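Following: one structure in structure tokens, then a few remarks.
In the working numbering, the protein residues as written are 5 to 125.
Below, the structure is given as structure tokens:
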């Protein structure tokens with residue numbers, strides 16, 4: 005049986021409550037009532053996105069988390085999210101630019117994961 009596509013994505017984080025608050029505040033994500041106690045699952049479509057406590061043996065302080073992995077979210081007002089992140093002192097990895105996926109930029113989340121936002125599907 006072949007795989008049919010990505011169905012679920014999650015990031016391991018150092019502080020689950022802080023990361024949940026970050027994604028809710030800046031990306032407007034809404035927590036799903038489903039999910040285990042060690043994770044926060046958001047109501048995203050078509051692919052579920054979650055945050056979870058660190059798996060034993062995982063050390064996010066030892067370099068760049070997710071080096072080589074690209075995590076992209078579609079957003080309706082990319083520039084407004086960028087401006088809010090900058091105003092609150094959060095790191096921008098790639099400043100906004102207009103490209104094939106519309107207005108696009110990459111920021112670092114509280115654990116240093118690079119997350120790209122774009123406004124064209």
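The beta carbon of each residue, even a glycine, is placed where N, CA and C say it ideally should be. Nothing here was measured: the structure is a model prediction, and the numbers come from that model.
Among all the DSSP beta bridges, which residues are the ones paired with residue i?
i           : result
residue 35  : 46
residue 14  : 54
residue 118 : 112
residue 102 : 107
residue 94  : Residue 94 is not bridged to any residue.
residue 75  : 119
Identify whether residue i lies in helix, strand or coil by the three-state DSSP scheme.
i           : result
residue 89  : helix
residue 22  : helix
residue 70  : coil
residue 125 : coil
CA-CA distance, residue i and residue j?
i          : j          : result
residue 62 : residue 55 : 14 Å
residue 98 : residue 39 : 32 Å
residue 57 : residue 44 : 9 Å
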